[in-house]
Amino acid sequence: MMNYSEPKNLIYSRLFLITVVLLLLNDLYLKYYFHNYITGKLSDFVGLFAFPFFVSLFFKNKNKLIYIMTGILFVFWKSTYSQFIIDSFNEFGIGINRVVDYSDVIALVILPFSYHYRKQRITGIEKLSFIPQSIIIGVCCFAFIATSLPSKSGEINLKSDYEAQVEMPKDTVLKKMFRYYQNSNDPYYEVVIELPENKSRIFLSTRISELENNKTKIELDSILYFETESSGLFFGIKKKNVDYVKKLKVEDFKQLFVEQEISKLKK
Numbered sequence: 470m471m472n473y474s475e476p477k478n479l480i481y482s483r484l485f486l487i488t489v490v491l492l493l494l495n496d497l498y499l500k501y502y503f504h505n506y507i508t509g510k511l512s513d514f515v516g517l518f519a520f521p522f523f524v525s526l527f528f529k530n531k532n533k534l535i536y537i538m539t540g541i542l543f544v545f546w547k548s549t550y551s552q553f554i555i556d557s558f559n560e561f562g563i564g565i566n567r568v569v570d571y572s573d574v575i576a577l578v579i580l581p582f583s584y585h586y587r588k589q590r591i592t593g594i595e596k597l598s599f600i601p602q603s604i605i606i607g608v609c610c611f612a613f614i615a616t617s618l619p620s621k622s623g624e625i626n627l628k629s630d631y632e633a634q635v636e637m638p639k640d641t642v643l644k645k646m647f648r649y650y651q652n653s654n655d656p657y658y659e660v661v662i663e664l665p666e667n668k669s670r671i672f673l674s675t676r677i678s679e680l681e682n683n684k685t686k687i688e689l690d691s692i693l694y695f696e697t698e699s700s701g702l703f704f705g706i707k708k709k710n711v712d713y714v715k716k717l718k719v720e721d722f723k724q725l726f727v728e729q730e731i732s733k734l735k736k
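Yeah, the sequence shown ends on 736 if you go by the working numbering, and it's all consecutive.
Okay, here's the thing in C-alpha cells:
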C-alpha cells in the first residue's frame, strides 16, 4: 500500500507528473518522428527522475535504498549482461528491447535531483479529483515499460550512384540535414529516413563534399540497414511492415532520400 505517513497526494506532485508525461511523449512520439541525440537521451533522464520517486511512494523509509538500487539496475540494464533477461522475455512472447549504449549512464546525474525533490516532503499538493490515483499508477507503470518496445533490424547493403548539387556551403547543408553533427575531415554522414506508416526507419550512408562557389555535392553512397518497431509492447512487430522494407529497391530508397532530405535543401 502507498505510504500515507508521508504528506498526502505526493503522487500528484507536478514535477513528477510532468516527467511521466515527457517520458510517454518521447517514447511514443518524439523518438520516432525526431530521431536524434536529445530524444535518445530524454527518456533516460526523465525516467530516472520519475521511476524511483514513484516506487518510493509505496515503501516506508526506503527512499535512499530505492534510489541506489535504481542507479545500479539502470547500469545493469544498459550493459550486455542484461541480454539473458531480454532473451527470456522474448521466448515467452513478451517483446522488449534496449540498445547497449554506455553513454546513457550520463543520465544518472538526475538521480540526486530527484532524491532531493522526494525528500522535500512537499506539502499542500492538491489532489486532482478528475484523475483517480489508480489511473495515475496505471499510466506510470505503462510509461516505465513503453521505452522498451521490441524492434527488428536487418541489413540491406545496397549501393547507390545518386548525387545532387545544392547552392549552399557544406556547413549550411550539414546544419539543415543534421541537428547535431561533428564537422570533421570524414565526408561520410549517416542519414535516417523515416517510414512512419510502416513503423520503420532506414539508415543511409551519404558523402557530402564542398565544391567551388559555395556549392555542395551530396551523394547517396549506400543503404545500410533498417529498423522496424512494434506497435505496442504486446502487439509484436507486424510482418507486413518488415516485408515492405525488404521489398524496396534502390530507386525507392533514392526517391525517399530525395523527398525527405534533398527537397528540403532546395526549398
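Don't be surprised by glycine CBs; every beta carbon is placed ideally from N, CA and C. Here the structure is a predicted model, which is why all the values come from computation and not from measurement.
The C-beta distance from C609 to F722 rounds to 40 Å, too long to meet the 8 Å contact threshold. Between K686 and L680, the C-beta spacing is below 8 Å.
As a beta-bridge residue in DSSP terms, S678 pairs with K686.
A633 is bridged by DSSP to I687.
The continuous alpha helix (DSSP H) containing L580 extends over residues I579 to K588. A contact between stretches requires three or more CB pairs, one per stretch, nearer than 8 Å, and the stretch 517-531 meets this requirement with the stretch 476-488. Contact between the stretch 496-510 and the stretch 622-631 is absent: fewer than 3 CB-CB pairs across the two stretches fall below 8 Å. Among the bridge pairs identified by DSSP, G623 is matched with F695. Taking the Cα of M538 as reference, the smallest distance to any Cα among L577, S572, F553 and K510 is reached at L577.
E720 sits exposed, since fewer than 16 C-beta atoms from the chains shown fall within 10 Å of its C-beta. Using a Cβ distance threshold of 8 Å, T488 and F518 count as a contacting pair. Taken through DSSP and simplified to helix, strand or coil, I605 comes out as helix. Just so you know, the alpha carbons of Q634 and K684 end up roughly 7 Å apart.
For L734, no beta strand (DSSP E) segment is defined; the enclosing uninterrupted segment is the alpha helix (DSSP H) at S732 to K735.
Rounded to the nearest whole angstrom, the CA to CA distance from K733 to R676 is 17 Å.
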